[in-house]
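Asks: Have a look at this one before I ask anything.
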Amino acid sequence: MKPPILIIITSTIILGTMIVLFSSHWLMIWIGFEMNMLAIIPILMKKFNPRAMEASTKYFLTQATASMLLMLGIIINLLHSGHWTVSMIPNPIASTVITIALAMKLGLSPFHFWVPEVTQGVPLSSGMILLTWQKIAPLSVLYQISPSINPNLLVAMAATSVLVGGWGGLNQTQLRKILAYSSIAHMGWMAAIMVYNPTLMILNLTIYIMMTLGTFMLFMYNLSTTTLSLSHTWNKLPLIASLILALMLSLGGLPPLSGFIPKWMIIQELTKNDMIVMPMFMAITALLNLYFYMRLAYATALTMFPSANNTKMKWQFESMKKMIFLPPLIVASTMLLPLTPMLSIMD
């Protein structure tokens, strides 16, 4: 893709999300979503092949359906309240339809089927945008309407998302699919806390975006898309292998690392709200996620896979990619735990 075209498309994606973030008018929010959706499709099809074409089509169809439902919810709300302002939604039907539309855009279960398929069909850089930037706009709208969302609906979607995110990634060998299922599980954690403490959702989103960006950048630096290609890292880039180990454990939410902060605070907040079963269920299903992260970490950093003698030599070309944001992202994704008291004061 030529640089001027890429700049125009990228700025449209950014502008679409910004319009959603800063609007207090439902029609402008809908227009922002549409701009964002139409501009991301060329990014998904950067490497033009049948798989990317299929992935982009699936993405377009699900997002268009979600936009249609969102507009339906907005119109029902308009008929009942008489205004376009984003505020309390008095009508339960409008609230439910809008929540379902945003859940489809996010890939929350049971509308999650497109996420692994689309992520697997597009290049790593496009998958990175899809699983990080594209989550910001729908979550910001959910944040704004959180007082009028039906808690039972959102908690049910959150529970199934966490379960699907853990269960689906178990037998995967493709890194993009693993990260897609991880994204579904993280979205489940965010949806669970949305009604009770929306600020915690923003904290979770920030840490999730940093961890996912770091992981994708390491995979792009390695040019690896499968567990097998990742398992050759120990020989060529031992430092990168150990960084992938740390990031995987952080994504799984193990204590001394940053990924533990949102899980800890969400479980604490849910128990404060007299919910015992839900956080216990989420903590148990998080173990499923931890299992497949551990498997990746094991394949990358802790074993030497059986291989022919010539693969033990440094035969691959050196990566010429400049990843300037990688060091700060890795530090932020692993070492933020001491800041927890400050973060808990903020919410």
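Numbered by the UniProt record's numbering, the letters in the sequence shown go through residues 1 to 347 in order. Ideal placement from N, C-alpha and C gives every residue a C-beta, glycine not left out. It should be emphasised that the depicted structure is a prediction, and the values quoted were computed from it without experimental measurement.
Skipping 5 residues on each side, what residues in its chain have a beta carbon closer than 6 Å to that of residue 384?
Replies: The question about residue 384 has no answer here: the residues shown for the chain are numbered 1 through 347.
Asks: What is the residue span of the alpha helix (DSSP H) that Leu223 lies within?
Replies: Stepping through the sequence shown from its first residue, residue 223 is reached at position 223. Neither: Leu223 is in no alpha helix (DSSP H) and is coded neither H nor E.
Asks: Residues in the same chain with beta-carbon distance under 7 Å from Asn126, minus the five sequence neighbours each way, listed in chain order, please.
Replies: As a working mapping, residue 126 is identified with position 126 in the sequence shown. The amino acid at residue 126 is misidentified as Asn; the sequence shows Ser. Close CB contacts of Ser126 within its chain, under the 7 Å cut and outside five residues either way in sequence, are with Ile43, Leu44, Lys46 (chain order).
Asks: Name the residue from Ser224, Thr132, Leu237, Ile178 whose alpha carbon lies nearest to the alpha carbon of residue 357.
Replies: Since the first residue of the chain shown is 1 and the last is 347, residue 357 is not available in this structure.
Asks: Tell me the rounded alpha-carbon separation between Leu218 and Ile244.
Replies: To locate residue 218, count along the sequence shown from 1; it is residue 218. To locate residue 244, count along the sequence shown from 1; it is residue 244. One C-alpha to the other measures close to 7 Å.
Asks: In the DSSP output, what is Gln174 paired with across the bridge?
Replies: Taking the first residue of the sequence shown as position 1, residue 174 is located at position 174. Answer is Thr226.
Asks: Compare the Cα-Cα distances from Ser183 to each of Ser229, Asn197, Asn222, Leu130 and report the closest residue.
Replies: If you number the sequence shown from 1, residue 183 lands on position 183. Of the listed residues, the one whose Cα sits closest to Ser183 is Leu130.
Asks: For the alpha helix (DSSP H) containing Phe281, name the first residue and the last one.
Replies: As a position in the sequence shown, residue 281 is number 281, starting the count at 1. Residues 277–297.
Asks: To the nearest angstrom, how far is it from the Cα of Tyr196 to the Cα of Glu269?
Replies: Stepping through the sequence shown from its first residue, residue 196 is reached at position 196. Stepping through the sequence shown from its first residue, residue 269 is reached at position 269. Cα to Cα, Tyr196 sits roughly 8 Å from Glu269.
Asks: Between Thr227 and the rest of its own chain, which residues show a CB-CB distance below 6 Å, the 5 nearest in sequence each way excluded?
Replies: As a first step, residue 227 must be located in the sequence shown, where it is residue number 227. Taken in chain order, the residues that qualify are Thr173, Ala299.
Asks: By Cβ distance below 8 Å, which residues in the same chain neighbour Trp26 in space, the five residues on each side in sequence not counted?
Replies: Here residue 26 is taken as the residue at index 26 of the sequence shown, counted from 1. Cβ within range, chain order: Ile74, Asn77, Leu78, Trp84, Thr85, Val86.
Asks: In the structure shown, what three-state DSSP assignment does Thr85 receive?
Replies: On the sequence shown, residue 85 is found 85 positions in, with the first residue counted as 1. Strand, per DSSP.
Asks: Can you look up Met80 in the DSSP assignment and give me helix, strand or coil?
Replies: For this step, residue 80 is matched to residue 80 along the sequence shown. According to the sequence shown, residue 80 is His rather than Met. DSSP, read as helix, strand or coil, puts His80 in helix.
Asks: If the criterion is Cβ atoms closer than 8 Å, does the pair Val162 and Thr271 meet it?
Replies: Here residue 162 is taken as the residue at index 162 of the sequence shown, counted from 1. Here residue 271 is taken as the residue at index 271 of the sequence shown, counted from 1. No; because the gap between Cβ atoms is not below 8 Å, this pair is not in contact.
Asks: Ignoring anything shorter than 3 residues or poking outside the region 188–217, list the beta strand (DSSP E) runs there in chain order.
Replies: Here no run is fully enclosed.
Asks: Please specify which runs of the beta strand (DSSP E), each continuous and at least 3 residues long, are wholly inside the region 33–118, giving them in chain order.
Replies: Scanning the region 33–118 from its first residue to its last, no whole beta strand (DSSP E) run of 3-plus residues comes out.
Asks: From this set, Asn49, Thr65, Pro50, Glu54, which residue's C-alpha is nearest Met37's C-alpha?
Replies: As a first step, residue 37 is located in the sequence shown; it is residue number 37 there, counting from the start. Met37 has its Cα closest to that of Thr65, out of Asn49, Thr65, Pro50, Glu54.
Asks: Rank Leu170, Gly165, Glu34, Thr96 by C-alpha distance to the C-alpha of Phe292 and give the top, closest one.
Replies: One-based indexing of the sequence shown puts residue 292 at position 292. Among Leu170, Gly165, Glu34, Thr96, the Cα nearest to that of Phe292 is on Leu170.
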